[in-house]
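This report refers to the structure that appears directly beneath it.
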Amino acid sequence: MDKLSLSDAEWRARLSPEQYHVLREAGTERAFTGKYNGNKADGVYYCAGCGAELFDAEEKYDSGSGWPSFTAPVDIDAVEEVRDASHGMIRTEVRCAKCEGHLGHVFPDGPGVNGLRYCMNSASLDFKPREEAE
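Counting from 1, position 46 in the sequence shown corresponds to residue 55 in my numbering; the numbering is continuous, with no gaps.
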């Protein structure tokens, strides 16, 4: 996958302040405030920074965590996983493989065959209903 590399000024012009904070500064939106947490529509979730296809609504479930949660990305190569030792804990950060934007974290407490919970920030995602995504 070709990487998208923009200057800080270009990212700021392209993203809302909240999207910039999450995607470029590894911020986190408050639990239960994201627009996609309760979204039950069928479709596809894309990176809000670069438009890369990341998650299918068929993999979304209500984890009760307050953030949109998925059992797997559309393709394992769509995301990158990076060790995150910030805030006094060890976690696995999830980034968009194309633009390296911070999406959220993955935890080993999910349902499904792989037992993973991809806990994402709504601010890092765009959603298109299935008929628009194809």
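For glycine and all other residues, C-beta sits at the position ideal for the given N, C-alpha and C.
Could you tell me if residue i is buried or exposed, where buried requires 16 or more neighbouring beta carbons within 10 angstroms of its beta carbon?
i           : result
residue 122 : exposed
residue 38  : buried
residue 131 : buried
residue 120 : exposed
Rounded to the nearest angstrom, what separates residue i and residue j at their Cα positions?
i           : j           : result
residue 50  : residue 139 : 9 Å
residue 102 : residue 95  : 10 Å
residue 62  : residue 99  : 27 Å
residue 10  : residue 86  : 8 Å
residue 127 : residue 65  : 12 Å
residue 29  : residue 141 : 25 Å
Should residue i and residue j be called a contact, given that it needs their Cβ atoms to be closer than 8 Å?
i           : j           : result
residue 116 : residue 75  : no
residue 107 : residue 52  : no
residue 58  : residue 105 : yes
residue 81  : residue 68  : yes
Relative to the C-alpha of residue i, which candidate in the options has its C-alpha closest?
i           : options        : result
residue 77  : 112, 25, 91    : 112
residue 46  : 57, 71, 28     : 71
residue 133 : 14, 17, 54, 22 : 54
residue 92  : 23, 13, 35, 14 : 35
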